[in-house]
Every structure is written in structure tokens, then in C-alpha cells.
Amino acid sequence: MTALAQVQAPDIDYQGLAPLFALVGGSVVVLLAGLFKGAWVQRVLVPALAAAALLCAMGFSIANWETGDSAPIIEGALAIDAFAQFTAMLFYLAGLATVALSVRAPVTRETGMGEYMCLLLGSIAGMVILAGAENLVTLFVGFELLSIPLYVLCAGEVRRARSLESGLKYLVVGSVGSATLLYGLALIYGATGSTDFSGIAEAIRLEGVTGIASGTVSTTDPLLLTGVAMTATGLAFKASVAPFHQWTPDVYQGAPTPITSFMAVATKVAAFAVALRFFDQALADAATQWAPALAALATATILIGNLGAIAQRSLKRMLAWSGVAQAGYLLAGVVVGSKLGLQATAFYLAAYLFMNVAAFAVVVARERTTELGDDIDSLRDLGRASPWLAWPMTIAMFALAGIPGTAGFIGKFYLIDASVAGDYAWLGLAIVVGSMISLVYYLRVIAVMWMGRFEISLPTIPPRRVRPVGGWSPEADARAQPEVAAVAILAAAATIVFGIAPSPLFDLARDVGSSFSALP
Amino acid sequence: MPFTIHLSIVVFLPLAAGLVAAFLPPRTGRWLVVAGSAGVLAYAIAMLVDFDPDAGGLRYVTDDSWISELGIRYQLGVDGLNLFLIALTALLWAPCMLWAALRTEDRSRLFMFHMALGETAVLGAFCAQDLALFVVFFDLMLVPFYFLIGGWGAGDRVGATTRFVIYTLVGSLLMLAGAIALGVIAADGGNLSFSFAVLEDRIVGEGTQKWIFLLFAAAFLVKAPLFPLHGWVVDTYRATPTPVLVVLSAVLSKVGVYGFLRIVLPILPDASEYFQELMLVLAVFSILYGSVLAFSQDEARLVVAYSSIAQLGFIVLGIFSLDDKGAQGALMQMVNHGLVVAPLFFIIAVLTARAGGAATLERMGGMALRAPVLAALFLIVTLATLAMPGSPNFVGEILILFGTFEDKLAYGIVASVGVVLAGVYMIRVFQRSMHNRLVPGEEPVDLGGLELAAILPVTAVIVALGVYPQLVLDRTEEATTAKVAPAAEIADGGPSVAEAR
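Protein chains in written order, with my numbering: chain W, 84 to 603; chain G, 2 to 502.
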């Protein structure tokens, strides 16, 4: 008898882990492929491989799709339910958009395309783990795997001070957030004696309508509540929920724009995914303790985000503040702690992805064609100059403001519906008031694009085919970056399609809702 | 007559034309959009002919599930309440499209597309029989008008359009919150539904009704506009291009007051009764305020702008008299106001063009002798606006005053002053522009082909309705009576609907 035979080999669900294997494997492959310095390898092969890895992961996730509250894998550490697959799908989509936006981005030249894509895929893997975490340790592993590549990517443009500042700021603030989170997780473990979400839920279980504690820990246990508060703080840092949002505008503005887009979308989805699972599954029975606090945070976030956005001239800062406000809307779906709230949040996350990607893609395109950077003036008269970029931006702004005909409207409708049904009607009203304030800055962007002074300009005859100079020229014409325009148009089209025919997204949301069987 | 009217075609034909036109060469594209609006007009006339005044209930109903998860149905229908408003929309949009097609140089396809989207949204709001669908169209209406005013307006157009949209969207968003809350509370854990018919059955408690009433009233009063929510009016009326202003003033303002009749009175009867006095005070105040300011304006457009506030005050007065005669008069007056305002703005555009671009009354005068057709049409419209006996407006205002006199005599008497004031300010505009001496630099040329095509048909309809107002009254009576009934019963001392349940 060898020692090996004594050890029980853990049962590994390879199928469930396949998307992660694709991501991690892909990140190794692109890193190695990036070692070859040929222009074709750098510009075509590596991004193509990264996209292929994402598409593979997407395929595996679709194959793994199942409804209902399926059992987590790896000894209860990682969920592979519809909720996890749905959010994973959003990460892959955001990843694909980021790959497309990055192909010609200066940052990939400085970090190296292989390293850049490797870090990107690694961060996505972290998000997938985080969104599936059913265990405090998995949660933290995912959280860190998500964050660390992003610290590097933010500072990717090593010759630009703003980018370095952004990376450093994100590192410092992110570490504080992580530390707080870790402390909180430790306290929760201390209080409940379990790192599994199911174990935590069991420990604080309330029985029946009378709410008599049948678990081992009271829901008012100070140790538990301190832990919950610190965990919430850590997650709030990541999700840019006020008052832990101050880093957001600076980091968003300084980071390379494709990375800003990725952070704005995917990181937020990941943070809300884990918040939903943590609060609505592990801590569902303690809702009376945390829900009012989160509701207050949501209201503050909505107001602060929208007010902060008004004064911004930089589009990236404006979108950062708007992202803060949107986090407030999303938090309403977490607060109500119901199946409806879960579905509404899932729906809004998808809508949020499309509208933000469209907006950021246009910012990327304008940054490379004008010398104004991300200033709002870079969009001046875009409606005349290139309507194919102006329309996506217009649609994105209207969708973020919640105008009907866009997915943003349906999403807000759904969130308000969930708030009212969950006895938080005032939170619904806060969403409405936030939307009113947001009109000021969203409409300004549209006005700049379409309502500039009418100046007669001689029509220039465009060259038949624009060849990007050396592939990276920031002065290249908009048509030299068809992939950026394509991302903008596709995302805007999705925003409109899901605003008029939202049923497919609702079907997915319903599947997602079935993941947490304990919710009312 | 086995002739089916598909409301979806009515609603979406303009948008379809606008979308296709966006990808055609500008010259052909703009005519396609004009043809689209003409098609809607033809369809609306067919509907008017086909409409059986004695049948009762909703006609030409389209009822499909749209977003089943949220209980939102794609439900369209026509009854006496919206029949003439749909016809009015179709009638006024067609000449505006024509005007826009011939007079817009800059980005004409985009202009036409926004006009078409606007027509679709307004028709959708009038046809909708589902509260959520109504809200969707109501909000969607703003998008094209935001672009039209901001992109093609005059003066401080961006500031004007921003103010306009923020004012109206703040109202609409409040209504959105109110609509969702109403649906959820009315469902009370059951199946969510926003259908008007269902909501009329599921009357919510009185306290809930009150705060939802305020949210809805905010949206509708801004849209109308009524004092004191008219802050957007002056800048917007100054900046808006003529064809846009015509539909903005003639049709869009009606969507708000239509909302009171269609949604607020039948679905929130207790609150309507509770806030009756408040609404009447606002209405009377708007009549006096609008009339007085209309009298003191120098810009022709602003005279009409303030007179519109007064007219809308009359309409709200009629609705909140909570009397079937008053409500019917209000509905009649909605149509009438649309009919007179449209030619008025076209005429002002003509006068402004003749006066070398000057919009003030000082720079106009003496047109009557040299431009007799213009003067004659203007006179008809002026007399209709001041509700001369024999005009449809006379019938409308008399009915409103009758409805008010029955229970709310004091408001009726004060409102009658408004009728007198209307005579004063309208005759002033007519005299200043048509009589007196020609102002130097003015070209006294009579109406051209396009101008005649825009003004004459609508004026003919005014005359026709003046001769035969029964056309409207017969077809609207049953529907308005039904919508006012629940609130009227409470006002007459009947039991509260909320308590009765």
C-alpha cells in the first residue's frame, strides 16, 4: 500500500470548470504567443487567440447552462448555476469588446500585446470565480484575481503620468478595500463558524413567520454584523458605491480607455454578482439588519453620482460618475432581497453592459481621431462628421438616462417595479429623482454632437482606403478602426433591440432568478 | 362595413416611412415621409367615416402581450375620447411634413425622420390602452422634439430645448414612478397589469390615489402647460421651427390633458374629487394669467403661446368640473384649439417672412389690402380663437362653462372673463398685423402655394365644425360621460369608490 492510495482524490467536475480552464489556458497561450515579435503575431494573432479563448469559455458556459438551484462544485466552493453562467456571459462579452477596443490601443504597445491580453483574461477568470463564489475563501481568491491584473493594466501606459497615477491610486484604494473585505470575511467566519455560504445561512436561519432563530447565531450578533459591514464596505469599494467611490473618476480617467471600459462594465457586474449572492443567499435571513443600511447607501450613491457627473467635462470622468449613479440603481435590486429584485438586477446589468460599452467605444474612437482626448469637445458636431459613431453614443446616453425604446428604460422599469413590490417604494422614487438629475449631463453630450453651430465646411474627398500608419497611428481616420465602430454599433443595436423586444433577456433573467431557491 | 382598421399601421406608418427615407437620397426620402403622413391622414379619415357613434366601447382593438414579465400589453384602441385627437394629429402633421419637406435645407432627412418619429409617438400615446405603453409613448415623444428644437431652432435653441426636455421629462419620470406604483399596488400580489380596463376595476385606496394623482398631474400639467408649470414655454416657442411648433402647440399639449380624461378621472376618481378645487384654481389662474400676458406681448408667437396657456386652462376647467357636459366641451375644445393654433403659427411664419424676419408686431401691418386671401383666412381663425358664435370654439367654451356653472359657479364666472380677454388680445394681433399702414421693408405678398396648402384645409375644417359641431359631439358623448362618471358620482355626494370596494 502506497501512501497515494490512502488519499481520497477530490472529485473534480471538469465540465463545470471548463470555462475557467479555457480562460486560464488562453491566458498562458497568449502570453507565450506574445513572445514572438512579428507584427502579424502582435496585431492579429494574439488578439485573435484571446478572443478565441473567450469564445471557447462562452461556449462552455452555454453548455453548462441549467436552471434551478444546482449544487455547487468543488466541495461547495463554486456555483455553476444559471446566475453564475449569466454573469460569466456578461464578462465574456465585455472581454470581447475590450479585446476589440484594444487592438490598436497604444497601451498594448507599451505593455506588450501578449502580457496585456494575458492580464485581461486573468482578470476575467477572477470575475468568473467571484461571481460563482459560494464560499468566503473562493470569494476572496476571485476578488484578488480580478483586481491584481487590473492594477497593472491601469498603469499600462507607462510613459503617461496619468496612467501611472491611475494604477497607483487603484492599487492603494483597492488594497484597502481588499483588506477591509478580508477582515470582514474573517469576522463572519468567527461568528458563524463556517466559510460556506450555505453554512452561514444555516447558522443564522430564522424559522417560520415568527422569526425565531433556529440557527446557532443571532442575526443581531455584533461580531456577525461587524463582519457584514466590513464585507459590504470592501464590495462597495469595487462597485463604486458611495461613499467609497472617490477613487473612481481619477482611476477611470487615467486608465487606458479600453481598460476603463472594461472596469466600468465587468468589474461592476462582478461586484454586484457577488453582492447578490452574498446578501441574498448567505445573509438572506439577516435582511432586516443590512437592508436598511444598503438602502441608505443606494440613495446616497444615486444622488452623489448624479450630482458629481454634472460638472464633468471629461467624458471618462462623466461616465465614471454616471457609473456611480448606476451602481446606486443596481443596489436597489440587492436591497429588496427578492426573486424579482435578483431578476431586475440581472436584467439591468446586461443593459448596463451594452449601453456603457457603446459609449466607451465612441470615446475610444474619438480619442484616437481628435487631439482633444476624452474632452466633451471631441464629440462636437459628430452627428455631421460621422453619424455611425454619433448614433451609438446618442443611443447610449438615452439608454443611460432611461428613455423608452432602450434597454435602459425597461431595466429601470424593472428595478422600480421590484422596489415597489419589495416595500421600498421610496427607493423607486430615488431612482426616478436620480434619472431626472442625470438628464442634465446626458443631454449635454447629445447636444454637443447634434446641435453645434452650423458651419459650412468644404467636403473633403476621403481616400478610398485608409491604411493605418504602422497600425497604431492615433491620427488615423475613424474608418481605420472599423472594430471600434463595430463594437459601438453592435452594443447600441443590442440596447435598442432589448428595449423593444426584451423577452429573450427576460427569459434569461427568469432562469437566473431560479438560481436562488431560498428567495421569496 | 367589413373594413378593418389596423391601429398599428396608423401608429407606425410614419416611423416606417422615416426609417426607410433615412437611407434614400434626400430628395426622394423627404417625399416618402410626406407620403407616409398623408397615408396616416387618409387612414384617419377612413376611421372617422367608419366609426359608428352608437356602438360604444373600444373599437379597432389590438391586444397583444408585449412584455409579459412586467404585465405590459401592446394594447391599442379607439373610442370617442381619442378618435378626434387621432384625426387632429393626422390632419396637422401632414401640412407640417409638407412645410418641412419644402423649407428645410439643412439635414432634411434627419429632420423628416424626427418629425415622423414624433408623429408615431403622439399617435401611440393617443391610441394606447395600457398605462405602461402610454408612458412609453409619452416619454418617447420628447426625443424627436429635443432634436428638432435643438438642431434646427433659432436663437438659444440648445438652452430652450434643454429646458423643454428637462421640464417635461421630470414630469414624465414622476408619472413613470406613479404608473409602476399604481400597477403594483392595484395588482396587490396578483397578476401585474397596466391595462386601463383592468385598472378601472382595481381602484386603489384613497391615500394611494392621492399621491399617485400628484405624480400624474405633474406630468400632464407640464405638458399642457398650465400655470405655474409653464416655465419652458417662452423660450421654446421662440426657438422652435414653425412646422415643429405647430404640432408641439396644437397636438402635444393635448396629450397631457387627454391623460386627465383617459387615466386620472376613471382610475383615480377619489383623488380627482379631492383635488378638484386645486385643479380648478390652477385652471382659472391659467386663464387669467395667460390672457393678460397674451395681451401685453409684442412677439406674435408669444401672444399665441400665452393664449394657449389660457385655452388649456379652459380645457382643464372643463375636465375638472367633473361634469359630463364640461368634459365633452373640454374634448371639443382640445380639437378646436389644435385647429386654430396650427394656422395661426403658419400665418405668423408667413407674416414674419414678409416682414423680413422680424417676429414683433411693430414690424407688421397693413397686409389686408394687398394680401386678401391671407387676411380672410386669418380673420376666420381669429374669430374662431376668440370663440365667436358660429365657431366650433364657441360650442366648446359654452359647454365648458355650462359644466362649470352647474356646481362651481364662482369658477365659471371668473373663467368667463377669460372669454372676453381672448377677444381683446386676438383682435389686437389681427389689427396690428393686417390693418394700419405698411411698415417700411415689408413685402405685402399674398399666400404662396405651399402656404395656402398648409393653412386652407385646416381653416376649412374649422368652418365645417362650426357649421356642424354635432360631428364631434355625437361621437364623443358616450365615452366622455363614462370616463367622468366615477368621479362625478363622488362629487355629487356618492360613496367613495375606494371605500365601496
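Glycine included, each C-beta is placed from N, C-alpha and C at the ideal position.
Name the one or two DSSP bridge partners that residue i has.
{"i": "Y412/W", "result": "DSSP lists no partner for Y412/W."}
{"i": "N394/G", "result": "The partner list for N394/G (beta bridge, DSSP) is empty, contrary to what the question assumes."}
{"i": "Q364/W", "result": "Q364/W is not bridged to any residue."}
{"i": "R74/G", "result": "S66/G"}
{"i": "S196/G", "result": "D131/G"}
{"i": "T361/G", "result": "E300/G"}
{"i": "A612/W", "result": "With chain W covering only 84 through 603, there is no way to say anything about residue 612/W."}
{"i": "D608/W", "result": "Only positions 84 to 603 of chain W appear in the structure, and residue 608/W is not among them; the question remains open."}
{"i": "R1/G", "result": "A query on residue 1/G cannot be resolved here, the shown segment of chain G reaching from 2 to 502 and no further."}
{"i": "D458/W", "result": "S397/W"}
{"i": "I491/G", "result": "According to DSSP, I491/G bridges with nothing at all."}
{"i": "I156/W", "result": "L161/W"}
With a CB to CB cut of under 6 Å and the five nearest residues on each side skipped, what residues in its chain are close to residue i?
{"i": "K326/G", "result": "L400, F403, G404"}
{"i": "Y335/W", "result": "T343, K399, A403"}
{"i": "G109/W", "result": "A136, L204"}
{"i": "G412/G", "result": "Here residue 412/G turns out to be Tyr, not Gly, going by the sequence shown. Closer than 6 Å at the Cβ level, and outside the excluded window around Y412/G, lie L281, V285, T405."}
{"i": "L380/W", "result": "V324"}
{"i": "S292/G", "result": "A311, G419, L422"}
{"i": "F197/G", "result": "Q130"}
Quick one: what's got a C-beta closer than 8 Å to residue i's C-beta in the same chain, skipping five residues either side?
{"i": "V136/G", "result": "S173, M176, L177, A180"}
{"i": "M532/W", "result": "L462, R463, D464, L465, G466, A473, M476, T477"}
{"i": "P470/W", "result": "none"}
Which same chain residues, not among the five before or five after residue i, have their C-beta less than 7 Å away from its C-beta?
{"i": "L16/G", "result": "A117, L118, T121"}
{"i": "T241/G", "result": "I150, G154, L249"}
{"i": "A350/G", "result": "T243"}
{"i": "E198/W", "result": "L114, G117"}
{"i": "F379/G", "result": "I348, F431, M435"}
{"i": "M280/G", "result": "V317, F321"}
{"i": "G190/G", "result": "none"}
{"i": "I583/W", "result": "G488"}
{"i": "V21/G", "result": "L33"}
{"i": "A126/G", "result": "F135, F138, F139, M142, V256"}
For my contact list, residue i and residue j are in at a C-beta cut-off of 8 Å; report their separation, rounded to the angstrom.
{"i": "T243/G", "j": "F139/G", "result": "Not really, about 24 Å apart at Cβ, beyond 8 Å."}
{"i": "R158/G", "j": "Y238/G", "result": "Not confirmed; about 12 Å, so no contact."}
{"i": "A408/W", "j": "N389/W", "result": "5 Å"}
{"i": "V285/G", "j": "A416/G", "result": "6 Å"}
{"i": "A18/G", "j": "A45/G", "result": "15 Å between Cβ atoms; not a contact."}
{"i": "F174/W", "j": "V352/W", "result": "7 Å"}
{"i": "Q210/G", "j": "D131/G", "result": "About 19 Å separates the two Cβ atoms, so there is no contact after all."}
{"i": "G406/W", "j": "V417/W", "result": "The pair is not a contact, with the Cβ atoms about 16 Å apart (cut-off 8 Å)."}
task = Please determine if the segment 300-316 of chain W and the segment 257-269 of chain W are in contact, where contact requires at least 3 C-beta pairs separated by less than 8 Å.
result = Touching, yes.
query = Any residues in the segment 129-151 of chain G with a beta carbon nearer than 8 Å to a beta carbon of chain W? Which ones, in chain order?
reply = Cβ contacts with chain W: A133, V136, V137, F138, D140, L141, L143, V144, Y147, F148, G151.
query = If we count Cβ pairs, one from each stretch, closer than 8 Å, do we get three or more for the segment 78-89 of chain G versus the segment 101-117 of chain G?
reply = Not touching, per the Cβ criterion.
message = Does the contact criterion of 3 or more C-beta pairs under 8 Å hold for the segment 473-491 of chain W versus the segment 430-450 of chain W?
response = Verdict: yes, contact present.
query = Counting pairs of beta carbons, one from the segment 222-233 of chain G and one from the segment 92-110 of chain G, are three or more of them closer than 8 Å?
reply = Contact between the segment 222-233 of chain G and the segment 92-110 of chain G is absent, because fewer than three Cβ pairs lie under 8 Å.
The segment 148-172 of chain G: positions lying closer than 8 Å to chain W by Cβ = Against chain W - using a Cβ distance shorter than 8 Å - the residues of the segment 148-172 of chain G are F148, G151, G152, R158, V159, T162, T163, V166, I167, L170, V171.
request  = Scan the segment 572-590 of chain W for residues whose Cβ lies nearer than 8 Å to a Cβ of chain G and list them as they occur along the chain.
outcome  = Listed in sequence order: P585, S586, F589.
query = With a cut-off of 8 Å, do at least 3 Cβ pairs link the segment 437-452 of chain G to the segment 315-333 of chain G?
reply = Output reads no: the segment 315-333 of chain G does not touch the segment 437-452 of chain G.
query = Which residues, taken in chain order from the segment 242-271 of chain G, show a beta carbon closer than 9 Å to some beta carbon of chain W?
reply = Against chain W - using a Cβ distance shorter than 9 Å - the segment 242-271 of chain G contributes no residues.
ask   = Would you call the segment 360-370 of chain G and the segment 293-301 of chain G in contact, with 3 or more CB pairs under 8 Å?
value = Short answer: they touch.
request  = Identify each residue in the segment 66-93 of chain G for which the Cβ-Cβ distance to at least one residue of chain W is less than 7 Å, and report them in chain order.
outcome  = Residues are counted here when their Cβ sits less than 7 Å from a Cβ of chain W; for the segment 66-93 of chain G these are I68, E70, L71, given in chain order.
ask   = Got a sec: which bits of the segment 218-230 of chain G sit with their beta carbon under 9 Å from any beta carbon on chain W, in order along the chain?
value = So nothing in the stretch comes that close.
request  = Report yes or no: do three or more beta-carbon pairs, one from the segment 231-238 of chain W and one from the segment 187-202 of chain W, lie closer than 8 Å?
outcome  = The count of Cβ pairs closer than 8 Å, one atom from the segment 231-238 of chain W and one from the segment 187-202 of chain W, reaches three, so the stretches are in contact.
key: Chain-ordered residues of the segment 505-522 of chain W with a beta carbon less than 7 Å from chain G   = Within the segment 505-522 of chain W, the qualifying residues are A508, G511, L512, V515, S518, M519, L522.
ask   = Closer than 7 Å, Cβ to any Cβ of chain W: which residues of the segment 172-187 of chain G, in chain order?
value = Contact annotation: in the segment 172-187 of chain G, residues whose CB is within less than 7 Å of a CB in chain W are L174, L175, L177, A178, I181, A182, V185.
query = Which of the residues in the segment 440-458 of chain W, read from start to end, lie with their CB under 9 Å from any CB of chain G?
reply = Residues passing the 9 Å Cβ filter: none.
Residues, ordered as in the chain, of the segment 525-537 of chain W that lie near chain G by beta-carbon distance below 7 Å = Here the close residues are L526, A530, W533, M534, F537.
ask   = Between the segment 334-341 of chain G and the segment 376-395 of chain G, do three or more beta carbon pairs fall short of 8 Å?
value = Touching, per the Cβ criterion.
key: Contact the segment 149-165 of chain W vs the segment 586-603 of chain W: 3+ CB pairs below 8 Å   = Yes: the two stretches touch, three or more of their Cβ pairs being nearer than 8 Å.
ask   = Is the segment 446-457 of chain W close to the segment 518-535 of chain W, with three or more CB pairs under 8 Å?
value = Under the Cβ criterion (8 Å, minimum of three pairs), the segment 446-457 of chain W does not count as touching the segment 518-535 of chain W.
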